[in-house]
Structures are given as structure tokens and as C-alpha cells.
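Just so you know, we're using my numbering here: the sequence shown kicks off at 379 and counts up by one. Below: the structure, in C-alpha cells.
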Amino acid sequence: MKKAKNILNINNIAKAVFALAIILVLVAVVLVFTRHISNDMASNDEYRSVVVVASGDTLSKLLTEQGFSNAQVLDIAKVLKSEADITSLRADSDKIEFVRSDEMAPISKIVIVPSPWRQIEITCDADGQWRCQNIDIKPDTRVVYRQGEILDGDSFYLAGGRAGIPEGILAEVYDLLAFEMDFERDVRAGQKFSVLYEENFANGEKVDNGRILAIQFEALRGNVKMYRFKKEDGKTGYYDENGNGAIKSLKRTPINNARVTSSFSNSRKHPVLGYTRAHKGVDFRASTGTPIPAAGAGRVVARGYNNGHGNYIKLRHNASYETLYAHMSRFAKGVVVGTTVKQGQTIGYVGSTGLSTGPHLHYEIIKDGKHVNPMTVKLPAISNLDKKDKERFLEYRKILDEGIEHLSNHPEWFIQL
Ligand SMILES: [Zn+2]
């Protein structure tokens, strides 16, 4: 029974997605049209004036300017505090709207807009009591699709910007892809990528970006795909096209955007020592003081100094994996042997201590006591799907893929959620 219900839900989503995708343009046109009408109607039977709070403005100053008495100002401030938890206005972001039945009538309603997703309406009833109502504005969420291509001499950020992908979304995409890709070696001119993500609108205007629903990148080592998916237990994560967890317990490149200056090798000429020996890690160029994030959650098992590594930290992540970070200028405050760290938490800062020719991070991954190449080792996923979730995921992925196909043929379309 339960399974049948799940499939039904998914089918419903599929129907909704396609029905909406197809009538998309129509919806957009109708929206714009009705907005025009409602604005015209509003201006016919109400008189509204909007004040954007400037620096130095206070609620009492603005209300006094509108002709409210001191007693009324106090009453309004009191009700705002007790019922909306608002005690002050923020310059440049808050707006106040004063509503009158006509231009000469007294103000019948005050609307405070502290965020695009919240409105507070203050009205006065017949017995002169001020009342306050909190209204949550539901975002109008649209799913959009952007695709880009890497050009000669390009970076992923440049190409993404050209494709119209907002900076915040790009940074998130980069972070997610960094689990699967080595941006230094896997990115070449001619590669295409795409992102399916949400944009939140209020009153027809874009306010912010929402979640990333799907990513695709034609990397050198194969197509990288990631889909956001909610498991039955309510937890969300990103999974590859086969339902394997895409968020890995370790990052290949702890520092984003850092250039690899020396790769893992079983024999290389050491830049300081001059003779050939194995390079058991990867070097990332970064300026002194750049924060070094932990590649994964774990515990500090070593922190110290030796002639080769300079200041270094070693983390243990689980029974198999350890990582090591060398040549640090200094350690992060409070990070000592025994400290538990989260993935991404700063453990130290880039430097050039020990045997080093310039500021860089030397990063090692040690699996079952053996050094492995961080750029190619298959990293363990944080969470994989059980059988039931996997079935649901594969159905859901098909729907998303078809949606993506529609949108890639009609880049001006969006899916209304
Ligand atoms: Zn090194």
C-alpha cells in the first residue's frame, strides 16, 4: 500500500511539473496582467503612501509626521512591541505604508514591511484600539535552468557568470562539485555545465535564490550529475544519477579555488632537497594566512612541528581515513590534539614552515595507513540511500531529468512551484 502511495505522489509531482511547465509562459503573462489590474483598482478606492525608512528615522518621528498624537504613537509602539516584537525600524530596508480611504481621510491602516516575507498590518477599530496582525508572505518560487560552457582561458566562475548563474549559487555549485571534481585538471574549454535552482519572488520581484535542485558538469573524467533529494526520514542530500551520496566525507581540495602546484607522485624531484622522492600529497598554492578548512569531520590526532612538514595537523575521520595539513603559519585557536572538528571548520592557516619554497598547503589523505592520491581516490559518501529511498530517488530523478530537458529547450521558461 505504502509503495503504491509513494509512486502516486511522484506521479502527481510529474503531472504538476509538466502541466505547469507547459502553461508557464501563459501564467507569467496572466500574472503581469492581473497585477496591473489590481494596482489600478487599489489606487481607485484607497490612498497609499509609502515611506522607506531612512537613517535617523524612528517610528515615533514618522508617525508624528503623519499627524498622529503622542498618545496614539505610544499606543501603536506598544502594540507593535507586544504583538510583532518590533521595537525599532531598520534604515534602508524597512518600509512603512500609510493607507487612507481617500487622500483627505485619516490613516486607517499602517503596514510595516520588515522583510519581503513578512508584513505587519496595524489597524484601529471603532473603539480606538490599535490591533496588529502578522502576515507571512509565501514566496513565489520559480525553478530556473541555466547552462554554460567553458571557453578558452576561462574559469568555471567566469563561465557561470556569463550563463547568468548568480554568484551565491555558483559558489554552492563549486562546493558541491568539488567533492567529485578537481577543478584544476577536470576543466577544459568546450565543457558544458548546467544548474537547476530556485528563485524566490515577492510581488513579482526577485528577492533571493533558493535551493539547488540539480547540477550537471561534463568533466574530463565523465559526466558529473547531482540531484537534491529528500529521503523518507525528511533529511535532504545530494545524490549522483545512480542514487549514491554525492556529499563525501572528505574533500579532495580543502581550499576552494586554490591552484594545484604539485601533484601526488611516487617519485618527484624535491624542490628543496633536490633529489627524487615520493610526494605523498598535493600542494595547493595560497597566500599566507589563508584559512585551512578541515576536509571532513574528525578528531585532531596530531598537532606539532617537524622539519619536513613544519607546523602540521593530522585528523582522523573514521576507522580508515586520516588527513594531514602541512606548512601552516599557525594553528587555529582552540584546535589541539583531541579537538573534534566539523567539515569546513578552520584548523589552521597557510604558511611556509618546514621544507617549503613558498606559502602553500601540503595536503595528504591516508587510507588504512597508506598515502593515496587525493585527486583520484574514491571517497566515501556521507549518506547513501536504502533500497526504498533509492527506488523513490530513481523515479524522482527521471522527472527532474525530463523537466531539465524541457527547460534546456526553452531557457526563458521556469517551473512554478
Ligand atoms: Zn607537498
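We put the beta carbon where it would ideally sit given N, CA and C, even for glycine.
So, using beta-carbon positions, are residue i and residue j closer together than 8 Å?
i, j, result
"Phe-662", "Ile-633", "yes"
"Asp-701", "Ala-673", "Reading the sequence as shown, one finds Thr at residue 701 and not Asp. Yes, they are a contact pair."
"Ile-488", "Phe-476", "yes"
"Arg-524", "Gly-542", "yes"
"Ser-627", "Leu-757", "yes"
"Val-521", "Phe-792", "yes"
"Pro-517", "Asn-587", "no"
"Ser-730", "His-749", "no"
"Ser-479", "Glu-424", "yes"
"Glu-619", "Arg-426", "no"
"Lys-629", "Tyr-699", "no"
"Val-602", "Glu-558", "yes"
"Thr-519", "Leu-795", "yes"
Excluding the 5 residues flanking residue i on each side, which residues of the same chain have their C-beta closer than 7 Å to its C-beta?
i, result
"His-657", "Ser-640, Phe-642, Ser-643, Arg-646"
"Val-565", "Ile-528, Phe-534"
"Ala-664", "Ile-633, Ala-636, Val-728, Pro-737, His-738, Leu-739"
"Ile-515", "Pro-494, Trp-495, Arg-496, Gln-497, Ala-580"
"Gly-623", "Gly-615, Tyr-617, Ala-759, Ile-760, Ser-761, Asn-762"
"Asp-532", "Ala-567"
"Ser-416", "Note on Ser-416: pLDDT 36, under 50, position unreliable in the model; the coordinate value appears next. Excluding positions up to five away in sequence, the list is empty."
What's the C-alpha gap between residue i and residue j?
i, j, result
"Leu-441", "Thr-501", "14 Å"
"Gly-686", "Leu-574", "45 Å"
"Asn-387", "Thr-668", "Note that Asn-387 scores 41 on pLDDT, short of 50, meaning its location in the model is unreliable and no value can be drawn from it."
"Asn-787", "Gly-682", "56 Å"
"Met-753", "Arg-599", "11 Å"
"Ile-490", "Ala-469", "13 Å"
"Glu-783", "Pro-492", "39 Å"
"Glu-562", "Thr-631", "10 Å"
"Ile-625", "Glu-773", "21 Å"
"Leu-409", "Glu-577", "Residue confidence is low: Leu-409 scores 41 on pLDDT, short of 50, so the model does not pin down where it sits. No coordinate-derived value is stated."
"Ser-466", "Leu-437", "7 Å"
"Asp-472", "Glu-499", "14 Å"
"Lys-570", "Ile-593", "11 Å"
"Tyr-741", "Asp-779", "37 Å"
"Lys-613", "Gly-781", "23 Å"
"Val-451", "Gly-582", "33 Å"
Can you list, in chain order, the residues of its chain whose CB lies under 6 Å from that of residue i, leaving out five sequence neighbours each side?
i, result
"Val-457", "Trp-508, Cys-510"
"Val-715", "Val-678, Arg-681"
"Asp-530", "Ala-567"
"Asn-751", "Phe-642"
"Leu-796", "Past the edges of the chain, shown from 379 to 795, lies residue 796, and the structure says nothing about it."
Chain D beta carbons: is any one of them nearer than 8 Å to that of residue i?
i, result
"Leu-795", "Looking at the structure shown, chain D is missing, and only one protein chain is on hand."
Among the residues of its own chain, which have a CB less than 8 Å from the CB of residue i, if the five just before and after it don't count?
i, result
"Asn-684", "Tyr-690, Gly-732"
"Ile-725", "Ile-670, Pro-671, Ala-672, Val-678, Ile-691, Leu-693, Tyr-703, Phe-709, Ala-710, Val-713, Val-719"
"Glu-550", "Ile-590"
"Leu-554", "Ile-590, Ile-593, Met-604, Tyr-616, Ala-624, Ile-625"
"Lys-768", "Gly-621"
"Ala-462", "Ile-490, Ile-498, Cys-510, Asn-512"
"Gly-688", "Ala-704, His-705, Met-706, Gly-729, Ser-730, Thr-731, Gly-732, Leu-733, Ser-734"
At what residue ranges does the stretch 646-732 contain a whole run of the beta strand (DSSP E), taking only runs of 3 or more? 654-657, 660-663, 669-671, 676-684, 688-694, 699-706, 724-727
Give the list of continuous alpha helix (DSSP H) stretches no shorter than 4 residues that lie fully inside the stretch 429-495. 437-443, 448-462
Please give the ranges of any beta strand (DSSP E) in the stretch 499-566, keeping only runs that are unbroken, at least 3 residues long and fully inside the region. 508-514, 518-527
As a quick check of your reading: which residues have a C-beta less than 6 Å from at least one non-hydrogen atom of ligand 1, in chain order? Ser-640, His-657, Gly-659, Asp-661, His-740
Which ranges does the beta strand (DSSP E) cover as unbroken runs of at least 3 residues, wholly within the stretch 567-644, from first to last along the chain? 570-580, 583-597, 600-608, 614-617, 637-640
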